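Using our numbering, the first residue of the sequence shown is number 10, and each one after it goes up by one. All C-beta atoms, glycine included, are put in the ideal place defined by N, C-alpha and C. Remember, it's a predicted structure, so these values are computed and weren't measured experimentally. Below is one structure, written out as structure tokens; comments come after it.
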Amino acid sequence: QVQLVESGGGLVQAGGSLRLSCVASGSILGINVMGWYRQAPGNQRELVATITPGGSTYYADSVKGRFTVSSDFAKRTVWLQMNSLNPEDTAVYYCNIDRLSGLEDYWGQGTQVTVSS
């Protein structure tokens with residue numbers, strides 16, 4: 010059984026930093042990318058950042074220059090370093106493992122990030 014467990018969320022003041030972690034357990038084949046999504050109340054879930062096994066990264070425009078995604082694919086672990094947080098970053102953050110076409114993706118349970126002004 011595959012499980013993705015996130016940690017590191019919490020309450021922080023604007024301008025502060027948080028580091029999210031996600032560890033996946035279980036047998037996972039065909040990993041394409043690992044990454045993070047977020048969903049704020051009333052909004053759709055949106056892509057935040059991804060990383061490939063080769064280290065190529067993608068960032069949403071709203072987080073470029075502030076967030077950094079990193080990973081250890083051998084340990085099925087992905088991190089999201091979030092700096093210069095602002096209230097618009099408040100959301101539930103979800104870890105995601107995107108697999109090759111035709112294979113089911115995996116999601117974590119989510120971790121709440123709240124940024125106060």
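Beta-carbon proximity check, residue i vs residue j, cutoff 8 angstroms
i	j	result
Ala23	Ser125	yes
Val42	Thr59	yes
Leu27	Leu94	yes
Residue i burial status per 10 Å Cβ neighbour count (16 or more: buried)
i	result
Leu109	exposed
Asp81	exposed
Val57	buried
Gly44	buried
Ala100	buried
Contact set for residue i: own chain, Cβ-Cβ below 7 angstroms, skip 5 residues either direction
i	result
Gly117	Leu13, Val14, Glu15, Cys31, Tyr103 and Cys104
DSSP bridge partner residues for residue i (one or two, in chain order)
i	result
Val124	Val21
Gly44	Thr59 and Asn105
Arg28	Gln90
Leu13	Ala33
Nonlocal neighbours in the same chain, by C-beta distance under 6 angstroms from residue i, ignoring five residues either side
i	result
Gly18	Thr120, Gln121 and Val122
Ser79	Trp88
Gly39	Arg108, Leu109 and Leu112
Contacts around residue i, its chain only, beta-carbon distance under 8 angstroms, and the 5 residues preceding and following it disregarded
i	result
Thr86	Ser30, Cys31, Val32, Ala33 and Ser80
Arg54	Tyr46, Arg47, Gln48 and Tyr103
Ser36	Val11
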